[in-house]
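Residue numbers (the numbering used here): 2 to 397.
Note that CB positions come from ideal geometry on N, CA and C, so glycine has one too.
Just so you know, these numbers come straight off a predicted model, no measurement behind them.
Presented below is the structure to which this report refers.
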Ligand code: ADP
């Protein structure tokens, strides 16, 4: 059974075709600059050379048509015909309170997805466009929606209600939703597997540290709290996002700098985080290099990032009454030994002891804590596509 996994952004589309018998990637690719000049698809079938398809692509439907053609191409394709695609799994960013699990997509679900647009105006419309384009091109193939928010729907109300007038929750759904759920779920399950324990007996703190970054408290396999909130802006300091902030700063700056709502959203989401502090880059490789050469603001940006992760680890260990494991994943978590080391430094008195030698790895599964460490520290590369494919297989 082959599952096609689709992840649509506003001007990009990522895809993977996965053979579920051995959970093996048959082909994958990325389309960029959809709707703007210079659009192209980078397509790679496992075992064959990468090809670049350069054509005007005015919308997601045109891209999907080209992707499907690439998948069945006699030269660089992975399958003979589209009949070999049993189902399509779509990543959807926001499922609101309606979706606590993945769902098979029908008309009712499409309506509910459209109802969630208000909550994620940047993310959900391209996700919906991708589903609609797929439905047109493959009308008889079952489709499944997998939500970034779903895993966090187990949070207790005391962790997701903001201290705002309660009516605003009832009226607009203003509450914490949390994101990166597919990743937090995948790495927590993998951690239980690596440790040879039942996930129902574990308290795990998962740190998804990429361009967007969030920490999650996973107790007995369930998310009980996470650092992202109503939108993916809350929590850690990120590549270009502020994370937690005194809310009074926003009206203050709007007044001083005469900012519109659009300006302020842009400032908080695109110009802040480690980029804003350092003025150097949002990329941690650039920051680590600059800090090493003595750039003080780059070093400061890294320190702010590290301290926030530490604070969330502390908070979640307390919230769960302890932790059995801390897991690092995503671009920074998987690749930066330096960030992992700094985050864990000084936490020995709460049972977190990293082993510098074991930690000297990149992009592979490993336990990197000392044998004496009460809390196990792991690196687990995330695999959101596989998680989406597994849910899709089950539901389709
Ligand atoms: P997203 O999916 O949110 O765009 P990723 O999970 O791909 O993000 O992570 C991207 C981040 O990972 C970038 O900020 C990049 O700096 C960081 N990263 C990738 N490789 C390394 C590395 N070797 N050392 C430090 N940071 C790295």
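Status (buried if at least 16 other CB within 10 Å, exposed otherwise) for residue i
| i | result |
| --- | --- |
| residue 39 | exposed |
| residue 187 | buried |
| residue 167 | exposed |
| residue 173 | exposed |
| residue 242 | buried |
| residue 230 | buried |
| residue 384 | buried |
| residue 180 | buried |
| residue 233 | buried |
| residue 80 | buried |
| residue 115 | exposed |
| residue 177 | buried |
| residue 409 | Summary: the structure shown does not reach residue 409, with the chain confined to residues 2 through 397, and so no result is reported for it. |
| residue 235 | buried |
| residue 327 | buried |
| residue 29 | buried |
| residue 102 | exposed |
N-terminal and C-terminal residue of the alpha helix (DSSP H) that residue i is part of
| i | result |
| --- | --- |
| residue 125 | 125–138 |
| residue 116 | 108–116 |
| residue 90 | It is not in any alpha helix (DSSP H) - residue 90 instead sits in the beta strand (DSSP E) that spans 86–93. |
| residue 218 | Run containing residue 218: none in the alpha helix (DSSP H); it sits in the beta strand (DSSP E), 214–220. |
| residue 304 | 297–320 |
| residue 285 | 285–293 |
| residue 76 | It is not in any alpha helix (DSSP H) - residue 76 carries neither H nor E in the DSSP assignment. |
| residue 185 | 182–196 |
| residue 341 | 338–345 |
| residue 394 | 385–396 |
| residue 265 | 262–271 |
| residue 275 | 274–279 |
| residue 251 | 250–257 |
Minimum Cβ-Cβ distance from residue i to chain C less than 7 Å
| i | result |
| --- | --- |
| residue 89 | This model lacks chain C altogether; it includes just one protein chain. |
Check: residue i C-beta below 6 Å from any heavy atom of the ligand ADP
| i | result |
| --- | --- |
| residue 88 | no |
| residue 331 | yes |
| residue 285 | yes |
| residue 384 | no |
| residue 141 | no |
| residue 336 | yes |
| residue 267 | no |
| residue 212 | yes |
| residue 174 | no |
Residue range of the beta strand (DSSP E) that includes residue i
| i | result |
| --- | --- |
| residue 25 | 25–33 |
| residue 144 | 144–148 |
| residue 8 | 3–9 |
| residue 330 | 326–330 |
| residue 224 | 223–227 |
| residue 52 | 52–55 |
| residue 16 | 14–20 |
| residue 204 | 204–210 |
Beta-carbon spacing of residue i, residue j below 7 Å
| i | j | result |
| --- | --- | --- |
| residue 203 | residue 218 | no |
| residue 61 | residue 52 | no |
| residue 128 | residue 208 | no |
| residue 170 | residue 228 | no |
| residue 77 | residue 105 | no |
| residue 397 | residue 122 | no |
| residue 19 | residue 42 | no |
| residue 201 | residue 221 | yes |
| residue 226 | residue 156 | yes |
| residue 302 | residue 333 | no |
| residue 358 | residue 370 | no |
| residue 335 | residue 17 | no |
| residue 381 | residue 366 | yes |
| residue 212 | residue 240 | yes |
heavy atom of the ligand HEM below 6 Å from residue i C-beta
| i | result |
| --- | --- |
| residue 240 | As far as ligands go, the structure on display features the ligand ADP and does not contain the ligand HEM. |
Q: Evaluate contact between the stretch 126–139 and the stretch 59–72, counting only Cβ atoms and requiring at least three cross-stretch pairs below 8 Å.
A: Touching, per the Cβ criterion.
Q: Decide yes or no for the touch test of the stretch 339–348 against the stretch 301–311: beta carbon pairs closer than 8 Å, at least 3 of them.
A: Flag = yes, the stretch 339–348 and the stretch 301–311 touch.
Q.
For the pair the stretch 92–110 and the stretch 137–149, tell me if three or more CB-CB distances fall below 8 Å.
A. Yes, the stretch 92–110 touches the stretch 137–149.
(Q) Does the structure place the stretch 261–279 close enough to the stretch 243–251 that three or more beta carbon pairs sit under 8 Å? (A) Enough Cβ pairs lie closer than 8 Å, so yes.
Q | Meets three-Cβ-pair contact criterion under 8 Å: the stretch 316–324 and the stretch 285–302 | A | Flag = no, the stretch 316–324 and the stretch 285–302 do not touch.
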